């Protein structure tokens, strides 16, 4: 079925509150086999809300409306619905009785604003009368419309327990089954990913999407089919093609993160890690130690900003610093070696660079970063050039360090295991 989502509230259109309910509803509906034709947000203006409802009724199979169902003066969804659909509001007597009982038990007078919750557009039915949570449904021109509270927790609960089952019962014909996977990619631009995918022959049923999630690009692959078995087989074949196209740049899937993946590889190889950081200021160590159990493979490290500490803590030679500079291939190699030896680790990982906004030169502009790896199997140093502000450069450098270590483990250690 094709649906539309309408969110209501001045707090949303003013930016004071983030609209999280529409995204949640869209994900749940999509996973249930529905297609969302449009999503919109309106302030507390009855005329605009009414126009949006009438437009949606003319073009979709069902509508989800969130927000504006409370008891305050700015909760005007019911007024907008009543006017637009010519359905005068009427009291739901069971809800009204419960509200009045509640008011009496708390020694509050009648004619309380809470009684507004009981007045619903004609023909509306409360979604869950016993709970007294605002939320109702009505059918207009054969189109089911669900009105849900704007409070995220209440909306999500009603959406999952009541709305989705009702839509499933309403739906006619075979239900689309959705199979989806997200690949997390680092080091390839969105344009390059698109070029590689366009050069291959994926079935038209396979849908590919690109979502920049800094510093990565998330690549979504999906197939929707009424035949779950054939759809899954087609999907897995397409995933293998996509993995081949993305190569080493695809470091994980779905909920995986890079630091956890690196940790698993270190455990698999029974190796321990020491790090040396300069421009990232401890961000690399923070990322590594976010993972529960990281003490099994991470020994520690040093944030050596000043050259004196690079010499004293890591054993970087004074001549290296004077001749090549703190941001150089030679210094990164010496820092990685020093981290490995001083920590007593199997692998040393280092990062040194210019995070800006000052300090760059023509030879080494802001964003220049050298990352080094030292191990008994060999050494590696790569140069990177990142863009953006200081924080983005630091984030990219830490991600590049973890990703470089992942590839080093795969290609030099785990490949022969």
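Residue numbers (this note's numbering): 19 to 435.
All C-beta atoms in this analysis are idealised placements derived from N, C-alpha and C, irrespective of residue type, glycine included.
A quick note: this is a predicted structure, and the numbers were derived from the prediction, not measured.
Residue i burial status per 10 Å Cβ neighbour count (16 or more: buried)
i	result
residue 364	buried
residue 412	buried
residue 308	exposed
residue 399	buried
residue 52	buried
residue 386	buried
residue 272	exposed
residue 20	exposed
residue 106	exposed
residue 261	exposed
residue 251	exposed
residue 366	buried
residue 234	buried
residue 157	exposed
residue 159	exposed
residue 422	buried
residue 336	exposed
residue 40	buried
residue 64	buried
residue 88	buried
Opposing strand residues paired with residue i [DSSP bridges]
i	result
residue 26	60
residue 13	An answer regarding residue 13 cannot be provided, because it is not within the stretch 19 to 435 covered by the chain.
residue 249	Answer by DSSP bridge pairing: none, since residue 249 is not bridged.
residue 166	84
residue 403	386
residue 195	243
residue 138	108
residue 398	391
residue 203	235, 268
residue 144	154
residue 21	54, 80
residue 161	158
Segment limits, beta strand (DSSP E) that includes residue i
i	result
residue 156	154-158
residue 483	The question about residue 483 has no answer here: the residues shown for the chain are numbered 19 through 435.
residue 52	Residue 52 -> no beta strand (DSSP E), and no H or E assigned at all.
residue 328	Note, residue 328: premise wrong, no beta strand (DSSP E); alpha helix (DSSP H) at 325-332.
residue 239	234-243
residue 187	Taken as a continuous stretch (DSSP letters only), residue 187 belongs to no beta strand (DSSP E), being part of the alpha helix (DSSP H) at 182-188.
residue 319	316-321
Extent of the continuous alpha helix (DSSP H) run through residue i
i	result
residue 78	Taken as a continuous stretch (DSSP letters only), residue 78 belongs to no alpha helix (DSSP H), as it is neither H nor E.
residue 279	276-287
residue 226	Per DSSP, residue 226 belongs to no alpha helix (DSSP H); it is in the beta strand (DSSP E), 225-231.
residue 423	408-426
residue 46	39-49
residue 268	Where residue 268 is concerned, there is no enclosing alpha helix (DSSP H), although the beta strand (DSSP E) it sits in stretches over 268-271.
residue 103	95-103
residue 212	208-216
residue 381	No alpha helix (DSSP H) holds residue 381; DSSP gives it neither H nor E.
Beta-carbon gap between residue i and residue j smaller than 8 angstroms
i	j	result
residue 228	residue 208	yes
residue 263	residue 215	yes
residue 83	residue 95	yes
residue 332	residue 314	no
residue 415	residue 371	yes
residue 85	residue 25	yes
residue 438	residue 81	Nothing in the structure corresponds to residue 438, since the chain is present only between 19 and 435.
residue 27	residue 249	no
residue 320	residue 294	yes
residue 173	residue 138	no
residue 143	residue 154	yes
residue 317	residue 419	no
residue 382	residue 345	yes
residue 72	residue 98	no
residue 259	residue 285	no
residue 44	residue 23	yes
residue 189	residue 243	no
residue 296	residue 267	no
residue 60	residue 90	no
residue 114	residue 145	no
residue 388	residue 401	yes
- Flag this pair as touching only if the segment 175-184 and the segment 231-239 have three or more C-beta atom pairs under 8 angstroms; answer yes or no. no
- Message: With three or more beta-carbon pairs closer than 8 angstroms as the criterion, would you say the segment 425-433 touches the segment 283-299?
- Response: Yes, the segment 425-433 touches the segment 283-299.
- Message: Three Cβ pairs or more, each shorter than 8 angstroms: is that satisfied between the segment 51-61 and the segment 198-207?
- Response: no
- Task: Assess, as a yes-or-no matter, whether the segment 391-410 is touched by the segment 320-331 under the definition of 3 or more beta carbon pairs within less than 8 angstroms.
- Result: no
- Message: Under 8 angstroms: do the segment 275-286 and the segment 347-355 share three or more Cβ pairs, one atom per stretch?
- Response: No contact exists between the segment 275-286 and the segment 347-355.
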